[in-house]
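A.B. asks: Under my numbering, the residue at position 48 of the sequence shown is numbered 49, and the numbers go up by one with no gaps.
From the three backbone atoms N, C-alpha and C, an ideal C-beta is built for every residue, glycine too.
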Amino acid sequence: MEWLSLVLVAVLSGSSHIYVDNYISDVYFKGRNAVSQKLFFAIAFTVIAVVLMAISGFEVFNFEPKVSLLLILAGLLASLAGIPYYRALEIDDSTNLGIFIQIAPILFLVLGWIFLGESISPIQMVAFVVIMMAPLLILLTTGKRSRKVKLRAIFYAFLYVFVGVCGHLIFVKENSSDLDFVSEIALILLGKGIGNAIIMAFKPKWVKRFIKIYRTSRGKVLRPLLGTFIFNLMKDFSYRAALVLAPSAALASAVSDSAEPIVIFFMGIILTLIWPSIGREKLSKKSVLVHLAATVLVVIGIILLQMPV
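#1: Kindly indicate which residue of G269, L191, S218 and F203 has the alpha-carbon position closest to the one of G15.
#2: Between R241 and I102, what straight-line distance do the alpha-carbon atoms span, to the nearest angstrom?
#3: Is the distance from the Cβ of A365 to the Cβ of A89 below 8 Å?
#4: For K209 and V131, what's the separation of their Cα atoms in angstroms?
#5: Since R210 is in the alpha helix (DSSP H), which residue starts that stretch and which ends it?
#6: Report yes or no: do the segment 290 to 300 and the segment 31 to 50 share at least 3 C-beta pairs separated by less than 8 Å?
#7: Kindly indicate the opening and closing residues of the alpha helix (DSSP H) around T229.
#8: Can you tell me whether F232 is buried or exposed? The criterion is at least 16 other CB atoms within 10 Å of its CB, across all chains shown.
#9: Under a three-way DSSP split, which group does G58 fall into?
#10: Out of curiosity, what's the CA-to-CA distance linking M134 and I104?
#11: For L246 and V183, what's the separation of their Cα atoms in angstroms?
#12: Would you say I195 and L77 are within 8 Å of each other, going by their C-beta atoms?
#13: Taking the C-alpha atoms as reference points, what is the distance between I171 and R216?
#14: Determine, using beta-carbon pairs with one atom in the segment 197 to 204 and one in the segment 107 to 114, whether at least three such pairs fall under 8 Å.
#15: Using 8 Å as the cut-off, can you tell me whether the segment 134 to 154 makes contact with the segment 79 to 97, which would need three or more C-beta pairs spanning the two stretches below that distance?
#16: Please return the same chain residues whose Cβ sits closer than 6 Å to the Cβ of I279, not counting the five positions on each side in sequence.
#17: Determine the direct distance from the alpha carbon of R224 to that of I263, and round the result to whole angstroms.
#18: Among the candidates S57, F109 and D93, whose CA atom is the shortest distance from the CA of F156?
#19: Name the residue from F64, L190, S69 and F163 whose alpha carbon lies nearest to the alpha carbon of T47.
#20: Compare the beta carbon distance of L188 and L9 with 8 Å and say whether it is the shorter of the two.
#21: With DSSP run on the structure shown, which of helix, strand or coil describes M133?
#22: Between E261, L5, L137 and K213, which has its C-alpha nearest I303's C-alpha?
#23: For F159, which residues of its own chain have a beta-carbon under 7 Å away from its beta-carbon, when the five flanking residues on both sides are left out?
#24: Please classify N197: is it buried, with 16 or more other beta-carbons within 10 angstroms of its beta-carbon, or exposed?
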């Protein structure tokens, strides 16, 4: 049952990653161009990728060029997904984002149907509707003045998930027991580093923004950045390892997808109560009940998605 422990680590790391990112966006970047922190990640991911390649004895050079390029592409897509991700964080809170991104399982099935010829059962169609009711519930219980903001957040969350799912599908397709796992992760991280570097090269104003934040904070911004970077690495390693070790990738994905919205919901409440600078959630009775109902809808929908066709 090692894979189950790995899924738990991935869920906790991924949930923590969202809250720390939200803290960095609000406190240091004041909701403006938080994507600028990609300059830090361009360097960090590249350095870690090279270190992992060295640890594995540069096994990556034994990979077929096509496999290596596709794994790097998977990482590059993950870095591109960060642009709408940070935009969503700038305009909405962590709990809402955690619910909005649960459309990922739907996209997995739809893209599998389009590109792999996989079938979609009637019960899975019902699951689509149930999951989509979650963001709709949040939208309808929001004041009219705030609905446009919520719609934008949902749109950015969709873009983030869509690009990320494409990258994840590449990993699942190219992953093989014949390939060195550490080297695979190294190539994905290298792709993230390259992707972030390309983004910053095309957006020099984001480079200036990060340098300004670094100077005005006297380097203190590096502390939470290092924290979210570590959470990111933990999620990457543990989740992808769980996909390899689990009886099936679908089972690992189902457990992770079902647990994540629950963990995000309760983590938001706990952090806001004991560490409000990180939690930063609204704990009014209405807000808590709405988020609880939305979380329940997402979990039910994901469970329905995993039912046998």
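C.D. replies: With the given structure in hand:
#1: Of the listed residues, the one whose Cα sits closest to G15 is G269.
#2: 18 Å
#3: Shown here, the chain extends from 2 to 310; a query on residue 365 therefore has no answer.
#4: So the alpha carbons of these two residues sit roughly 44 Å apart.
#5: Run containing R210: P205 to T217, per the alpha helix (DSSP H) assignment.
#6: no
#7: L223 to L246
#8: By the neighbour-count rule (16 or more Cβ atoms within 10 Å), F232 is buried.
#9: coil
#10: 11 Å
#11: 14 Å
#12: Yes, the pair counts as a contact, with Cβ atoms nearer than the cut-off.
#13: 39 Å
#14: The segment 197 to 204 and the segment 107 to 114 do not touch, with fewer than 3 CB-CB distances between them shorter than 8 Å.
#15: yes
#16: Y20, Y24 and L272
#17: 27 Å
#18: D93
#19: L190
#20: no
#21: helix
#22: E261
#23: I104
#24: buried
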